Amino acid sequence: MEAAIDLHIHSALSPCGDDDMTPNNIVNMAILNGLDAIAVTDHNSCDNVEAVMKSAGERILVIPGMEIQTREEVHLLCYFYDLYSLCSFRNQIESCYDGLANNPSFFGHQWIMNEMDEITGEKEQALLTSLSINFDDAVQLIRQCKGLPVPAHINKPSFSVLSQLGFLPPYLNLSLLEYSQNYPLNSSVCLPAKLIFSSDAHSLGQILERKMTISVEELNIKGILESLSKK
Ligand SMILES: [Zn+2]
Ligand SMILES: [Zn+2]
Numbered sequence: 107m108e109a110a111i112d113l114h115i116h117s118a119l120s121p122c123g124d125d126d127m128t129p130n131n132i133v134n135m136a137i138l139n140g141l142d143a144i145a146v147t148d149h150n151s152c153d154n155v156e157a158v159m160k161s162a163g164e165r166i167l168v169i170p171g172m173e174i175q176t177r178e179e180v181h182l183l184c185y186f187y188d189l190y191s192l193c194s195f196r197n198q199i200e201s202c203y204d205g206l207a208n209n210p211s212f213f214g215h216q217w218i219m220n221e222m223d224e225i226t227g228e229k230e231q232a233l234l235t236s237l238s239i240n241f242d243d244a245v246q247l248i249r250q251c252k253g254l255p256v257p258a259h260i261n262k263p264s265f266s267v268l269s270q271l272g273f274l275p276p277y278l279n280l281s282l283l284e285y286s287q288n289y290p291l292n293s294s295v296c297l298p299a300k301l302i303f304s305s306d307a308h309s310l311g312q313i314l315e316r317k318m319t320i321s322v323e324e325l326n327i328k329g330i331l332e333s334l335s336k337k
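Going by our numbering, the first residue of the sequence shown is number 107, and it counts up by one from there.
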């Protein structure tokens, strides 16, 4: 079957995400748009993913994920088979924080919410910063946690593997890349990797409709990740 996906959405935990990017609002908008699977990928953190999964229940599939920023200012998405693997990855990533506190009045709030959209806390560490881990090591760490590393918006002129490193390290054998619909794409530099696009939504109106589809054998996390991992 064909599954419509949007695997790059920011919640209100990301300082750049709107405050109304709550677990229920994201899930309901994704359902309204006819999507089959989404991922909430906040910057350097995943504290709202469990609430989004609970809010979704059986209504829509939520792939556990995150968007990290490596030492070289490369944005790297990662997707996991279960929440436990995502959290074990997050625990290791948190040791790479720079210790700088967020300034909400300048960068925006970093709300942590439950599945009722109630604010349960605010993340102190500034999330729009680079982690003290380089791109190669981050890819390895994601794989150690049985996750799928996916360089984000590779055709963006900033914060992408191509803008920051100038090339896609061939020895890492990255099989899947994400591109942005907002910038021109020279896909020849990315071959032989597979390409998907996502919304990188920071507001509700940006979440994709049924535009990006993949062929899956079964509509569950395993089915989506196996389809994405296929060369
Ligand atoms: Zn990004
Ligand atoms: Zn993003």
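Virtual Cβ for every residue (Gly too), placed ideally from N, Cα, C. As the structure is a prediction and not an experimental result, all values here were calculated from the model.
For the pair of segments examined, the segment 226-241 was found to touch the segment 195-209: the number of CB pairs separated by less than 8 Å reaches three.
Counting along the chain, the unbroken alpha helix (DSSP H) around Cys193 starts and ends at 189-199.
As computed with DSSP, Glu284 is found in a beta bridge with Ile302. If the five residues before and after Arg316 are omitted, its C-beta is found closer than 8 Å to the C-beta atoms of Ala110, Asn139, Gly140, Leu141, all from its own chain and listed in chain order. In this structure, Leu182 and Phe241 form a Cβ contact; the two beta carbons are roughly 7 Å apart against a cut-off of 8 Å.
Runs of alpha helix (DSSP H) with 4 or more residues, each lying fully within the segment 111-155, are found at 129-138, listed in chain order. Taking 8 Å as the upper bound for CB-CB distance, Lys160 and Glu200 are not in contact here, some 22 Å apart. With contacts defined as CB atoms closer than 7 Å, Glu179 and Ser120 fail to qualify as a contacting pair. Contact between the segment 263-278 and the segment 303-317 is not established, with fewer than three Cβ pairs separated by less than 8 Å. For ligand 2, a non-hydrogen atom lies closer than 6 Å to the CB of Asp306. Assigned with DSSP and collapsed to three states, Gln250 falls in helix. Judged by beta-carbon spacing, Ile313 lies beyond the 7 Å limit of Asp148, meaning their Cβ atoms are not closer than that value. Straight across, the Cα-Cα distance linking Leu325 with Glu156 is about 19 Å. With 16 or more other Cβ atoms inside 10 Å of its own Cβ, Gln175 counts as buried. The Cβ atoms of Ala145 and Gly171 lie closer than 7 Å to each other. In this structure, the alpha-carbon of Met107 lies about 17 Å from that of Val168. Bounds of the beta strand (DSSP E) holding Leu182 are 181-185. Rounded to whole angstroms, the separation of the alpha carbons of Gln250 and Asp188 is 14 Å. A distance of 7 Å or more separates the beta carbons of Ser281 and Asn261. Ser294 and Phe273 have their C-alpha atoms roughly 12 Å apart. Annotation: the continuous alpha helix (DSSP H) that includes Ser335 extends over 327-335.
With a cutoff of 7 Å on beta-carbon distance, Cys184 and Ile239 are scored as not near each other. Boundaries for Ser264: no beta strand (DSSP E) harbours it, and the DSSP string shows neither H nor E there. Within 10 angstroms of the beta-carbon of Gly227 lie fewer than 16 other beta-carbons, which makes it exposed.
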